[in-house]
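A.B. asks:
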Amino acid sequence: MTQSTAPQHLVSRFAPSPTGRLHVGHGWSALMAMDLARAMGGTFRLRIEDIDGTRSRPEHVDGIVEDLRWLGVAWDGPIIFQSQRLADYDAALDRLRAMDLLYPCFCTRADIQASLTAPHGPEGPVYPGTCRALPNAQRAQRIAAGMPHAWRIDMQAAVARTGPLRWAALPYPPDPNAAPCEIAADPAAAGDVVLARKDAPASYHLSCTLDDAAMGVTHVLRGNDLRAATDIHRLLQALLDLPSPAYIHHPLLLGADGKRLAKRDGAIALAELRGAGMAPQRLADDLRAGRFPVGITAGAA
């Protein structure tokens, strides 16, 4: 069963990664999350997910703050940085290891690429469990030898430990007064996901789950592309005795090519619109009304 999802004080958040400038889709999502909190007299927080050492840049943090303030997005309290929470991630990983639910994975990208014929889950190819079968002595030898490794969760064992789980979904457009719908979680469909990467101290799944709990987030508003991730996050909440927020998954904004807006594909940045003389209040009003710049549309809800 899900835990209470209708607390007296609503807390929402926006959590971008500093890997580039914010695009229109980010601005739209941030406005929705802020408006959700403001409509209920709640709290809106900003978190910077900056633990990707290969892509995160300090200058992008400044850009995010600049873009949000220009658009009229105002948050409550200090900005939370994931890079300042590494001890909490380590503690959670230690706890899961103590439950015998984690194993080191030494597979390279090439190894994983070779397994693409494996069954596909909601997040892509399901890891076939190659390293799960390694004897403990061999794992210890490889770690002692300095072999790079990630840490994966033994999903079958984890699901057996928690039993059936459900999470609370609220409708889009956001309506905090709506009654939540309970969704059966199916984390096993994703397979043995990574919880600590070779190049980062925690995966999105682990860091996001822990951060939302530490920040007291009661309502998570994010894109439809993360809907399947919610099953995994619900599992981690159960394993680590964390509260389960309510979730609102909104459509993704699509470019003229029909693909979702992405930094790497050169999606229209808020900074570009500002440089072109766009009035921020006009843009904010348009986004709230579902009117997007030319060539941008909302995908399926």
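Once you know that position 121 of the sequence shown is 110 in the working numbering, the rest is easy, because the numbers rise by one and skip nothing.
Even for Gly, the Cβ is constructed at its ideal location relative to N, Cα and C.
Give the DSSP-derived three-state secondary structure of C96 in the structure shown.
C.D. replies: Here residue 96 refers to the residue found at position 107 when the sequence shown is read from its first residue. Residue state, collapsed to three classes: coil.
A.B. asks: Specify, as a first and last residue, the run of the alpha helix (DSSP H) that H12 falls within.
C.D. replies: One-based indexing of the sequence shown puts residue 12 at position 23. Looking at the DSSP string, H12 is not in any alpha helix (DSSP H), and its letter there is neither H nor E.
A.B. asks: If I measure Cβ to Cβ from S45 and keep anything under 7 Å in the same chain, skipping five residues before and after, which residues do I get?
C.D. replies: Taking the sequence shown and counting its residues from 1, the one referred to as residue 45 is at position 56. For S45, where only same-chain residues beyond five positions count, the Cβ hits under 7 Å are S6, P7, T8 and D39.
A.B. asks: According to the Cβ coordinates, are P93 and A179 closer than 8 Å?
C.D. replies: Here the question's residue 93 lines up with position 104 in the sequence shown. Here the question's residue 179 lines up with position 190 in the sequence shown. Taking 8 Å as the Cβ cut-off, P93 and A179 do not qualify as a contacting pair.
A.B. asks: Assuming A235 and P169 are in contact, meaning their beta carbons sit under 8 Å apart, how far apart are those beta carbons, in whole angstroms?
C.D. replies: In the sequence shown, the residue the question calls residue 235 occupies position 246. In the sequence shown, the residue the question calls residue 169 occupies position 180. For A235 against P169, the beta-carbon gap comes to about 5 Å, under 8 Å, which counts as contact.
A.B. asks: Helix, strand or coil: how does DSSP classify S233 here?
C.D. replies: For this step, residue 233 is matched to residue 244 along the sequence shown. Residue state, collapsed to three classes: coil.
A.B. asks: Can you tell me whether A139 is helix, strand or coil according to DSSP?
C.D. replies: The residue you call residue 139 lines up with position 150 of the sequence shown. Judged by DSSP in its simplified three-state form, A139 adopts strand.
A.B. asks: Residues bridged to I172 by DSSP?
C.D. replies: Taking the sequence shown and counting its residues from 1, the one referred to as residue 172 is at position 183. Beta-bridge pairing links I172 to W156.
A.B. asks: Among the residues of its own chain, which have a CB less than 7 Å from the CB of G61, if the five just before and after it don't count?
C.D. replies: Looking up residue 61 in the sequence shown gives position 72. For G61, where only same-chain residues beyond five positions count, the Cβ hits under 7 Å are P269, Q270 and A273.
A.B. asks: So, at 6 Å on beta carbons, what are the nonlocal neighbours of A22 in its own chain, with the 5 sequence-adjacent residues on each side left out?
C.D. replies: Your numbering for residue 22 matches position 33 in the sequence shown. Cβ neighbours of A22 beyond the five flanking positions: S1, F3 and L210.
A.B. asks: Of all the beta strand (DSSP E) runs that stay within the bounds of the segment 207 to 263, which reach a length of 3 or more residues?
C.D. replies: As far as the segment 207 to 263 is concerned, its whole beta strand (DSSP E) runs of at least 3 residues are 208 to 212 and 235 to 239.
A.B. asks: Give the range of the alpha helix (DSSP H) segment to which V148 is assigned.
C.D. replies: Sequence index remark: in the sequence shown, residue 148 carries index 159 (1-based). Run containing V148: M144 to T151, per the alpha helix (DSSP H) assignment.
A.B. asks: Between the segment 48 to 63 and the segment 193 to 211, do at least 3 Cβ pairs fall closer than 8 Å?
C.D. replies: no
A.B. asks: Please go through the same chain and pick out, in chain order, the residues whose beta-carbon is closer than 6 Å to the beta-carbon of N125, but skip the five residues on each side of it.
C.D. replies: Indexing the sequence shown from 1 puts residue 125 at position 136. None.
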